[in-house]
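> The structure is given below, and queries will be raised subsequently.
2 protein chains.
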Amino acid sequence: MNLRIPGPIPVPNNILEAMATPMINHRGLEFADLLKKVTAGLKQVFQTENDLYILTASGTGAMEASIVNTLSPGDNVLSASVGVFGDRFGDIASIYGAQVETIKSPAGKGIEPNTIRESLKKNPKIKAVLVVHNETSTGVTNPLPEIAKIVKNEFNKILLVDGISSVGSIPLKTDLLGCDVVATASQKGWMLPPGLAFLSFSQNAWEAHKISKMPKFYFDIANYEKYLKIKQPPFTPALSIMFSLDIALTQILDEGIENVFKRHFNIAEATRNGIENIGLELFADKNVTSNTVTSVKIPDNVDGKLLLSTMREKHNIILAGGQQELSGKIFRIGHLGLCTYEEINDVIEALKKSLPECKLAS
Amino acid sequence: MNLRIPGPIPVPNNILEAMATPMINHRGLEFADLLKKVTAGLKQVFQTENDLYILTASGTGAMEASIVNTLSPGDNVLSASVGVFGDRFGDIASIYGAQVETIKSPAGKGIEPNTIRESLKKNPKIKAVLVVHNETSTGVTNPLPEIAKIVKNEFNKILLVDGISSVGSIPLKTDLLGCDVVATASQKGWMLPPGLAFLSFSQNAWEAHKISKMPKFYFDIANYEKYLKIKQPPFTPALSIMFSLDIALTQILDEGIENVFKRHFNIAEATRNGIENIGLELFADKNVTSNTVTSVKIPDNVDGKLLLSTMREKHNIILAGGQQELSGKIFRIGHLGLCTYEEINDVIEALKKSLPECKLAS
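This is how it looks when you write it as structure tokens:
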């Protein structure tokens with residue numbers, strides 16, 4: 000099975016085997032050592048000296064945590080969305096009572112940084128900006144450095160970043176950019192099964208936490224900080240994924256984080272070239288194209304649903320379809336974590352064979 | 000290592016090995032089959048025909064979910080607490096804005112059902128009652144059938160039950176008792192690693208959900224229901240634990256749920272007898288003593304901290320200490336899941352040897 004969706008990703012065997020490690024006491028000495036070690040390793044990959052916490056949750060839980068720990072009902076928030084996950088980020092803030100102003104870019108485009116500048120100029124009451132670094136639904140990587148410069152250097156607002164499908168795969172220098180909260184999840188470039196989420200939390204975010212009035216308990220970062228001081232989790236965590244995280248982090252740090260980024264870029268380039276070589280069109284704009292997930296237009300004369308089922312049934316390759324309004328219009332190829340050129344070549348070859356079989360009757 | 004804390008528990012080898020199953024598409028056909036199968040199996044163990052959802056979270060996340068899905072800020076809530084987790088249940092409701100009235104029983108005692116009747120009589124505005132079925136911090140199983148009779152039959156209030164360390168180990172007939180929400184977590188009698196939580200949700204709970212105004216997104220049961228209809232999860236779940244859950248459920252249902260309860264009772268009896276035979280005193284009242292965790296008084300002349308470290312270092316046995324105000328006063332022996340008489344005998348023998356070495360200087 001060649002699982003080529005943008006997470007869960009195929010987990011390398013040695014990391015997968017560690018998932019079967021016997022249980023330990025999550026309030027004991029062995030766990031304390033593990034928690035200390037993986038927290039330090041995660042900070043290196045996040046390129047941060049901010050606090051860092053491990054939640055037992057999907058990435059969406061970490062998105063919610065970033066909001067409820069820094070904001071209050073009634074706060075004005077700017078949400079710059081280019082897809083499903085950007086919309087979700089704003090929705091969560093809105094559900095918790097924030098006044099959300101949304102800048103929406105068309106699918107396949109990135110956020111135009113200047114639109115954020117204009118919005119912040121126009122509405123000085125805006126307290127925080129929500130940005131998805133890598134929009135998994137469209138295969139777009141937003142220009143976070145430019146955005147961060149505006150949000151932090153020009154306006155000094157709280158910057159909350161969904162880095163779920165970018166951290167560890169695409170450069171995201173948390174401290175250099177001044178990101179207050181960065182959220183990510185284990186089933187992406189970390190080469191792990193889903194179930195853990197990671198969250199960096201700046202001093203500035205802590206200042207916001209002090210006056211934050213959104214209700215929270217399971218996701219209250221103060222609970223995690225209180226227990227981290229005694230090297231414990233506040234609540235029983237997904238231990239198995241932490242055992243695997245330990246191994247994955249060692250591998251990532253041994254390879255070197257810059258090399259990991261470079262490897263993701265190279266495999267993404269190979270994917271994009273392969274797609275164009277067989278006459279398909281990339282969906283995302285070239286200047287914002289993602290190095291973790293490639294979105295591809297389904298030609299008008301091709302039955303997209305049939306294409307994905309043919310890829311699955313005849314070639315054992317699992318691709319992701321388009322979400323919501325992009326359903327039937329694009330498909331997506333995930334290449335996060337340890338993805339080989341051979342795996343990508345197999346996808347391209349199989350697409351080449353499958354496309355003619357999936358023509359719509361004209 | 001003999002891990003004898005009340006969760007995480009030692010996971011049987013065949014279930015542990017399934018944790019290393021390769022990843023699949025959580026929006027694909029294979030997952031749809033898995034979700035359908037384990038949801039049906041969970042309902043059998045919960046003894047319910049109510050809706051049932053799988054959350055990627057610790058048990059505390061499911062406690063929060065039970066509250067935020069059924070209540071609104073300002074709602075009057077009765078919390079009957081006999082320990083740390085009972086307190087937590089009320090705290091969560093209070094943080095989300097409920098008006099919480101607490102009946103607190105002394106540690107080691109169970110809830111006196113009549114106190115609930117009196118409170119509900121006195122305050123007709125109370126909308127929901129929060130009860131921990133098995134209080135892990137004190138080793139007490141509350142008389143849920145009597146409580147449920149009062150809450151549901153006499154007063155028809157919403158009944159939210161923390162069944163984290165009981166469901167699957169101690170009889171809890173969800174439908175027969177009329178429990179509106181029952182929450183539990185994977186690292187208990189389910190014989191699984193931590194990381195998943197399970198939640199049953201009644202029609203009455205759905206009525207409450209319709210008018211519930213507590214904010215929620217990650218824990219919003221409506222998201223889970225919407226996706227369950229197309230046999231998908233709303234958010235990427237902890238797949239590995241679901242693979243293991245499938246095997247664990249098959250084992251539990253093959254053994255027969257009544258036999259599983261009986262087995263837990265027998266091993267708990269053996270533990271209680273063993274403790275008393277070596278001259279130690281049980282902490283919980285006999286009539287409410289738990290079949291998943293046994294709490295034991297630390298004699299006045301024994302150094303409790305030294306006792307636990309001696310058990311760990313000399314005998315490879317991990318016991319749990321007391322939490323909060325019970326720290327140093329009790330220790331706890333977990334016997335959920337597949338626990339053998341031999342494992343319990345080893346604990347008793349090791350305690351017998353260790354106690355004389357841990358005397359306080361008098």
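Line by line, the protein sequences are chains A and B.
Residues in the first sequence are numbered from 0 upward in steps of one, following numbering that gives the first Met the number 0.
Residues in the second sequence are numbered from 0 upward in steps of one, following numbering that gives the first Met the number 0.
In this text, a Cβ means the ideal position worked out from N, Cα and C, and glycines have one as well.
For clarity, every value in this text was computed on a predicted model and none was experimentally measured.
Going along chain A in order, which residues have a C-beta closer than 7 Å to the C-beta of THR249/B?
Along the second sequence, one-based indexing puts residue 249/B at 250. Going along chain A, no residue has its Cβ under 7 Å from THR249/B, so there is no contact; the nearest lies around 18 Å.
> Report back the beta-carbon spacing between ALA319/B and ARG331/B to the nearest angstrom; my notes put them in contact at under 8 Å.
Within the second sequence, numbered from 1, the residue matching residue 319/B stands at position 320. Within the second sequence, numbered from 1, the residue matching residue 331/B stands at position 332. Right, their Cβ atoms sit about 4 Å apart.
> Buried or exposed: where does PRO214/B fall if 16 or more other Cβ atoms within 10 Å of its Cβ makes it buried?
Numbered from 1 along the second sequence, position 215 holds the residue referred to as residue 214/B. With 16 or more other Cβ atoms within 10 Å, it is buried.
> Starting from MET190/A, find everything on chain B with Cβ-Cβ shorter than 8 Å and list it in chain order.
In the first sequence, counting from the first residue as 1, residue 190/A sits at position 191. Those within 8 Å of MET190/A in chain B number zero; the least Cβ separation is about 10 Å.
> Distance cutoff 8 Å, beta carbons only. Does ILE240/A sit that close to anything in chain B?
Here residue 240/A refers to the residue found at position 241 when the first sequence is read from its first residue. ILE240/A counts as touching chain B.
> Could you give the DSSP three-state label for ILE14/A: helix, strand or coil?
Taking the first residue of the first sequence as 1, we reach residue 14/A at position 15. Helix.
> Skipping 5 residues on each side, what residues in its chain have a beta carbon closer than 7 Å to that of PHE45/B?
In the second sequence, residue 45/B corresponds to position 46, counting from 1. Cβ within range, chain order: LEU51, VAL166, THR173, VAL181 and SER199.
> What residues of chain A sit near HIS25/B, judged by a beta carbon separation below 8 Å?
Here residue 25/B is taken as the residue at index 26 of the second sequence, counted from 1. Those within 8 Å of HIS25/B in chain A are PRO7 and PRO193.
> Can you give me the Cβ contacts of LYS212/B inside the same chain, cut-off strictly under 6 Å, excluding the 5 residues immediately before and after it?
By 1-based counting over the second sequence, the position of residue 212/B is 213. If we look at LYS212/B and ignore the five residues flanking it on each side, its Cβ neighbours are SER71.
> Under 8 Å between the Cβ atoms of LEU359/B and VAL301/B?
As a working mapping, residue 359/B is identified with position 360 in the second sequence. As a working mapping, residue 301/B is identified with position 302 in the second sequence. Yes.
> Taking the beta strand (DSSP E) that ALA182/A belongs to, which residues open and close that run?
Here the question's residue 182/A lines up with position 183 in the first sequence. Element bounds for ALA182/A: 180-184.
> Taking the straight line between their C-alpha atoms, what separation do you get for PRO7/A and ILE297/B?
The count along the first sequence starts at 1 and reaches residue 7/A at position 8. The count along the second sequence starts at 1 and reaches residue 297/B at position 298. Taking the straight line joining both Cα atoms gives about 47 Å.
> Out of curiosity, what's the CA-to-CA distance linking SER326/A and LEU158/A?
For the purposes of this step, residue 326/A is taken as the residue at position 327 of the first sequence. For the purposes of this step, residue 158/A is taken as the residue at position 159 of the first sequence. C-alpha separation (whole angstroms): 31 Å.
> Pull up the DSSP beta-bridge partners for GLY333/A, would you.
In the first sequence, the residue the question calls residue 333/A occupies position 334. Per DSSP, VAL292/A.
> Indicate whether at least one CB of chain A lies closer than 8 Å to the CB of SER57/B.
Along the second sequence, read from residue 1 onward, the residue named residue 57/B stands at position 58. Closer than 8 Å: yes.
> Would a check of beta-carbon distances place VAL301/A closer than 8 Å to chain B?
Stepping through the first sequence from its first residue, residue 301/A is reached at position 302. Taking Cβ atoms only, chain B never reaches closer than 8 Å to VAL301/A, which makes this a no.
> For ASN24/B and ASN68/B, what's the separation of their Cα atoms in angstroms?
Numbered from its first residue, the second sequence carries residue 24/B at position 25. Numbered from its first residue, the second sequence carries residue 68/B at position 69. Answer to the nearest angstrom: the Cα atoms are 28 Å apart.
> Leaving aside the five residues before and after ARG143/B along the sequence, list all residues of the same chain whose C-beta is less than 6 Å from its C-beta, in chain order.
As a first step, residue 143/B is located in the second sequence; it is residue number 144 there, counting from the start. According to the sequence displayed, residue 143/B carries Leu and not Arg. Closer than 6 Å at the Cβ level, and outside the excluded window around LEU143/B, lie HIS132.
> Excluding five sequence neighbours on each side, which residues of the same chain lie with their C-beta closer than 7 Å to the C-beta of ALA283/A?
For the purposes of this step, residue 283/A is taken as residue 284 along the first sequence, with counting starting at 1. If we look at ALA283/A and ignore the five residues flanking it on each side, its Cβ neighbours are GLY107, THR137, GLY138, VAL139, SER289 and SER294.
> Using beta-carbon positions only, say whether MET18/A and ALA19/B come within less than 8 Å of one another.
The residue you call residue 18/A lines up with position 19 of the first sequence. The residue you call residue 19/B lines up with position 20 of the second sequence. Yes. Within cutoff.
> Using the Cα positions of ASN1/B and GLU341/B, report the straight-line distance between them to the nearest angstrom.
As a working mapping, residue 1/B is identified with position 2 in the second sequence. As a working mapping, residue 341/B is identified with position 342 in the second sequence. So the alpha carbons of these two residues sit roughly 11 Å apart.
> Would you kindly check if the distance between the Cβ of ASN75/A and the Cβ of ASN122/A is under 8 Å?
Position 123 of the first sequence holds residue 122/A. Position 76 of the first sequence holds residue 75/A. A contact, by the Cβ cut-off of 8 Å.
> Taking the alpha-carbon positions, what's the LYS261/A to THR270/A distance?
Looking up residue 261/A in the first sequence gives position 262. Looking up residue 270/A in the first sequence gives position 271. Cα to Cα, LYS261/A sits roughly 14 Å from THR270/A.
> Could you have a look at GLU342/A and say whether DSSP puts it in helix, strand or coil?
On the first sequence, position 343 is the one that residue 342/A refers to. Correct three-state label for GLU342/A: helix.
> Just list the beta strand (DSSP E) runs in the segment 138-190 of chain B, keeping only unbroken ones of 3 residues or longer that don't cross its boundaries, in chain order.
List check, beta strand (DSSP E) in window: 157-161 and 180-184.
> Could you run through the segment 87-114 of chain A and flag, in chain order, every residue whose CB is less than 9 Å away from some CB of chain B?
Listed in sequence order: ARG87, ASP90, ILE91, ILE94, TYR95 and GLY96.
> Quick check: what's the CA-CA separation for SER365/B versus HIS208/A?
In this structure chain B extends from 0 to 361, so residue 365/B is not present and cannot be described.
> List the residues that DSSP assigns as beta-bridge partners of SER78/A.
On the first sequence, residue 78/A is found 79 positions in, with the first residue counted as 1. Note: SER78/A sits in a beta bridge opposite THR101/A and LEU129/A.
> By how many angstroms is the C-alpha of ALA92/A removed from the C-alpha of GLU275/A?
By 1-based counting over the first sequence, the position of residue 275/A is 276. By 1-based counting over the first sequence, the position of residue 92/A is 93. Rounded to the nearest angstrom, the two C-alpha atoms are 39 Å apart.
> By the 10 Å Cβ neighbour count, where 16 or more other Cβ atoms means buried, how is ILE210/A classified, buried or exposed?
For the purposes of this step, residue 210/A is taken as residue 211 along the first sequence, with counting starting at 1. Exposed is the call here.
> Quick one: what's got a C-beta closer than 6 Å to PRO9/B's C-beta in the same chain, skipping five residues either side?
Taking the first residue of the second sequence as 1, we reach residue 9/B at position 10. So the list reads LEU2, once near-sequence residues are dropped.
> Is it right to say GLU268/B is buried, meaning 16 or more other beta carbons lie within 10 angstroms of its own, or is it exposed?
By 1-based counting over the second sequence, the position of residue 268/B is 269. It counts as exposed.
> Exposed or buried, what is LEU28/A when buried is set at 16 or more other beta-carbons lying within 10 Å of its beta-carbon?
Within the first sequence, the letter at position 29 stands for residue 28/A. LEU28/A comes out exposed.
> Could you tell me if ASN203/A is buried or exposed, where buried requires 16 or more neighbouring beta carbons within 10 angstroms of its beta carbon?
Along the first sequence, one-based indexing puts residue 203/A at 204. ASN203/A comes out buried.
> Would you tell me roughly how many angstroms separate the C-alpha atoms of ILE343/B and GLY321/B, rounded to the nearest one?
Indexing the second sequence from 1 puts residue 343/B at position 344. Indexing the second sequence from 1 puts residue 321/B at position 322. Near 19 Å, if we compare the C-alpha coordinates of GLY321/B and ILE343/B.
> State yes or no: is the beta carbon of VAL10/A nearer than 8 Å to at least one beta carbon in chain B?
If you number the first sequence from 1, residue 10/A lands on position 11. So, interface residue.
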